[in-house]
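Numbering follows UniProt numbering, in which position 16 of the sequence shown is assigned residue number 16; successive positions increment by one, without gaps. Every residue gets a Cβ at the ideal spot worked out from N, C-alpha and C, and that includes glycine.
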Amino acid sequence: MTAHYPDNSHDLALLHAIAAGDRDALATLYRGYHRRLGQFLTRLTRRTDLIEEIINDCFWVVWQKAGTFRGDSRVSTWIMGISYRCGLKVLRQSGGLDASDDADDGAAAERNHPGINPGDDRELRDWLAKGLARLSADQRLVLELAYTHGHSIEEIAVITQAPVGTVKARMFHARVKLRNLLPGLAVGGTGTQDIQP
């Protein structure tokens, strides 16, 4: 059964065309998702050398599996799930999650896959980035999917192939950790001390 989700019809039409072998539809879908996936994958890994490889792997799977899309979720949820699994596969093969955490890689990721409008307040972005960097990859990922990409808890569960309860727990613990870390980071601290409520 194919459910109808808001703003899903264009992507669904492209997916049907891809299933019929339309390369132009694949190119259109690729262009439409490239930046979004780049932003998302930057949260999974800061290794910019792998991000393009993961995106290409993702769209190879989309090309092969477009006809199997059942419509149980939005097309974007399906594609994000594919990119997440492709990302995990590539990261396992290349040495793991967040193998390179230096600031240079983070700056390169922002240049190559700008996730935030350059006119935004840089200080606020840096403050939040410092807090997010102290979260586990799983915690960063669920926050990114929820707050940047607008996915629901249920959609995040589909993307990450984790139970809804696990996704909720990751979000809860990520928020608690950020609540405790961010005040210390705002005043130039390291954010490693425990802040008492």
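- A distance below 6 Å between beta-carbons, with the five flanking residues on each side excluded, links Met171 to the following residues of its chain, in chain order: Val142.
- With 16 or more neighbouring CB atoms inside 10 Å of its own CB, Val62 falls in the buried class.
- In the DSSP assignment, Asp11 falls within the unbroken alpha helix (DSSP H) covering 9-19.
- Asp126 has its alpha-carbon roughly 30 Å from the corresponding atom of Ala162.
- Measuring C-alpha to C-alpha distances from Leu182 to each of Tyr147, Glu123, Ala146 identifies Glu123 as the nearest.
- Annotation: Asp57 to Val176 spans about 35 Å, alpha carbon to alpha carbon.
- Less than 8 Å divides the Cβ of Gly67 from the Cβ of Ala19.
- Per DSSP, the unbroken alpha helix (DSSP H) holding Ala169 starts and ends at 164-186.
- Residue state for His34 is assigned as helix, using DSSP reduced to three classes.
- Phe69 carries a coil assignment under DSSP once its states are collapsed to helix, strand and coil.
- Under the DSSP assignment, Asp138 falls in the alpha helix (DSSP H) whose first and last residues are 137-143.
- Check the Cα spacing between Leu185 and each of Leu132, Ala174, Ala17, Asp49: the tightest is with Leu132.
- Cβ-Cβ distances below 8 Å link His173 to Gln139 in the same chain, with the five nearest sequence neighbours on each side left out; the list follows chain order.
- In the structure shown, the three-state DSSP call for Arg85 is helix.
- Three or more beta-carbon pairs drawn from the stretch 75-94 and the stretch 10-25 are found closer than 8 Å, and the two stretches are therefore classed as touching.
- Excluding the 5 residues flanking it on each side, Leu41 has same chain C-beta neighbours closer than 6 Å at Ile51, Ile54, Gly87, in chain order.
- In the structure shown, Gln161 falls within a coil segment according to DSSP collapsed to helix, strand and coil.
- In the three-state DSSP reduction, Asp126 falls in the helix class (H, G or I).
- Under the three-state reduction of DSSP output, Arg23 falls in the helix class.
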